[in-house]
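A.B. asks:
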Amino acid sequence: MDTSVYCRQGPKSITAIKTRGVLSGYRFVFKDVFDVKGYVTGAGNPTWLMSHEPALQTSPIITQLLIQGAHCSGRVQPSELACGFDGMNDHYGTAINHLTPKCQSGGSSSCSAAVARGDVDFALGIDAAGEIRISASYCGLFGLRATYAALPLDHSFSLAKSFDTAGLLTRNLNVMGNVVAGLFPDQPPVEEFEDILIFVEKRALELIDSEVKEELTNKLNRLARNRYVVSTDSLLDICGVSLEELGKWFLIIQGYELIQEHSGWLAEHQTSVAKDVSIRFDKSKNITIDEYAEAKQKAGNFSALFTYLLKSKGGWLCIPTTPGLPPELKKSVNSLSYYRKRLLGMTALASLCGLPQLHLPLDKINGKSYGLSLIGLPNSEKRLIKQGQYLLQSLSVNESVNSDTWLNNKL
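For what it's worth, the numbering used here labels the leading residue of the sequence shown as 779, then goes sequentially.
(1) Which of the three DSSP states is assigned to residue 870 in this structure?
(2) Is the beta carbon of residue 1082 sitting closer than 8 Å to the one on residue 1027?
(3) Out of 857, 923, 907, which has the shortest C-alpha to C-alpha gap to residue 891?
(4) Measuring CA to CA, which of 1128, 917, 1148 is closest to residue 991?
(5) How would you call residue 829, buried or exposed, if buried means at least 16 neighbouring beta carbons within 10 angstroms?
(6) The alpha helix (DSSP H) spanning residue 981 covers which residue range?
(7) Report all residues from its chain with a CB closer than 7 Å to the CB of residue 801; omit the five preceding and five following residues, and keep chain order.
(8) Which residue from 1153, 1104, 1000, 1073 puts its Cα closest to that of residue 1033?
(9) According to DSSP, what are the bridge partners of residue 1148?
(10) Mark residue 873 as exposed unless 16 or more other C-beta atoms lie within 10 angstroms of its C-beta, in which case mark it buried.
(11) Cutting at 6 Å between CB atoms, please list the residues of its own chain near residue 898, excluding the five before and the five after it.
(12) Enumerate, from N- to C-terminal direction, the unbroken alpha helix (DSSP H) stretches of 4 or more residues contained entirely within the region 785 to 867.
(13) Would you mind reading off the limits of the beta strand (DSSP E) that contains residue 905?
(14) Under 8 Å, do residue 855 and residue 783 count as touching if we go by C-beta distance?
(15) Express the C-alpha separation of residue 862 and residue 1170 in angstroms, rounding to a whole number.
(16) For residue 1035, I'd like the list of residues in its chain whose CB is within less than 7 Å of its CB, leaving aside the five on either flank, ordered along the chain.
(17) By a C-beta neighbour count over all protein chains shown, 10 Å radius and 16 as the cutoff for buried, is residue 1106 buried or exposed?
(18) So, are the CB atoms of residue 914 and residue 921 less than 8 Å apart?
(19) In terms of alpha-carbon separation, which member of 917, 795, 1022 lies closest to residue 839?
(20) Let me check understanding here. Comparing Cα to Cα, which of 1150, 988, 1093 lies closest to residue 1117?
(21) Which two residues bound the contiguous alpha helix (DSSP H) that contains residue 953?
(22) Can the beta-carbon of residue 824 be found closer than 8 Å to that of residue 869?
(23) Using 8 Å as the Cβ pair cut-off and three pairs as the minimum, do the region 1045 to 1058 and the region 1140 to 1155 touch?
(24) Taking the alpha helix (DSSP H) that residue 1190 belongs to, which residues open and close that run?
(25) In chain order, what are the residue ranges of uninterrupted beta strand (DSSP E) at least 3 long that sit wholly in the region 1109 to 1143?
(26) Can you find the residues in the same chain that come closer than 7 Å, C-beta to C-beta, to residue 878, ignoring five residues on each side of it along the sequence?
(27) Using the Cα positions of residue 1184 and residue 999, report the straight-line distance between them to the nearest angstrom.
(28) When you measure from the CB of residue 853 to every non-hydrogen atom of the ligand PLP, does any distance come out below 7 Å?
(29) Is it buried or exposed for residue 970, if we count other Cβ within 10 angstroms and need 16 for buried?
(30) Give every residue of the same chain whose Cβ lies closer than 6 Å to the Cβ of residue 975, excluding the five residues on either side of it in the sequence, and list them in chain order.
(31) Please determine, among 945, 1157, 928, 1132, the residue with the shortest C-alpha to C-alpha distance to residue 910.
(32) Report the three-state DSSP secondary structure of residue 923 (helix, strand or coil).
(33) How many Å lie between residue 900 and residue 982 at the Cα?
(34) Leaving out the 5 sequence neighbours to the left and right, which residues in its chain are closer than 8 Å to residue 1178 when beta-carbon positions are compared?
(35) So is residue 1111 buried or exposed if we call it buried at 16+ other beta carbons inside 10 Å?
(36) So, at 7 Å on beta carbons, what are the nonlocal neighbours of residue 1011 in its own chain, with the 5 sequence-adjacent residues on each side left out?
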């Protein structure tokens, strides 16, 4: 067993509850933050595993997947206590990015590694700060962050209740569509789209590395030549905020809630936590209730205005998922500080607004994956998948791009 990916405590397998369902024949793994009755949820820390009892109930999301015919192939490791953007864990090791082994696999779980190497058809995780979206970007997968609170997170480990939401990883967008159909049976069928207006957040494009920016420019130009009406009006400018501000609000809210949730356990067991994670907890302990309340108010005001504007503009936003290609494993934390700052701002947008976001892998640069994200309105997961399919179809035609097209003139 590869313990950098799979958890020893199990379960190693759970048979589908029904043999006929929309997910019949699919195999999945789940991040070690979801409970399964009779097993201990470890949250990526051996002391947490030893200090907790077996779960009394199974996560309702896992149950729903089993009812829809999927077979569970095991539990996979998260970063320690689900903290981290890089997929590393000092206790259990670093999951290999099978697309680019010298690079980080991203996010806070090994779900991406299991899916990328073909062990399973899809993976279930939790996305608060972009864990699903970043993993998808680094490993060349499709990644969906669901609408906040759209799927029940009862019987699961919580990092920050204001942001935690379920997420999915797949190698195939059709598989993603089927899993979404199984988890969101009440969302209506999607009708065909007419001409589509898509907003591309200019402030996010300005922050990405030049090699990725050039490639995304070409892709977005191609969209503008194929049924899409593309605009670069900055919704962030209209809201009067920057991505850096969004990242700061996110860290304050998440940090405060993290300590409120786990202060009792940390008081007794923080010495069992890796140094970098412990430093993060210590910083979070210094956040005051007034700072938290102020950040919550600002974030709430922004979320309401941004969602209103997005709806008024057609309901679709394109944004780079990450500011660049996946970082190499040998890179130090200090050398990645500017990258991480930009990354947090990009992921905080959907997190603060509770919006669904779909990462679409587009291509590779020097063997490293990059892509683009679509952000939709609340509870639009099925529409988001359909829009993603249309977008990818549009990118597969009219390969030639003129230098005088929309993006080169507007950035």
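Ideal Cβ positions, reconstructed from N, Cα and C, are used throughout, including at glycine.
It should be emphasised that the depicted structure is a prediction, and the values quoted were computed from it without experimental measurement.
C.D. replies: Let me lay it out:
(1) coil
(2) no
(3) 857
(4) 1148
(5) exposed
(6) 980 to 983
(7) 843, 846, 847, 848, 956, 957, 960
(8) 1073
(9) 1141
(10) buried
(11) 805, 806, 807, 851, 892
(12) 824 to 828, 838 to 845
(13) 900 to 905
(14) yes
(15) 30 Å
(16) 938, 939, 940
(17) exposed
(18) yes
(19) 795
(20) 988
(21) 951 to 961
(22) yes
(23) no
(24) Past the edges of the chain, shown from 779 to 1189, lies residue 1190, and the structure says nothing about it.
(25) 1135 to 1143
(26) 1104, 1145, 1146
(27) Residue confidence for residue 1184 is low, a pLDDT of 34 falling below 50, so the modelled location carries little weight; the figure read from the coordinates is stated next. About 6 Å.
(28) Annotation note on the ligand PLP: not contained in the displayed structure, which lists no ligands.
(29) exposed
(30) 1007, 1092
(31) 945
(32) strand
(33) 29 Å
(34) Reliability of the predicted coordinates at residue 1178 is poor, the pLDDT of 30 falling under 50, and no value is obtained from them.
(35) exposed
(36) 977
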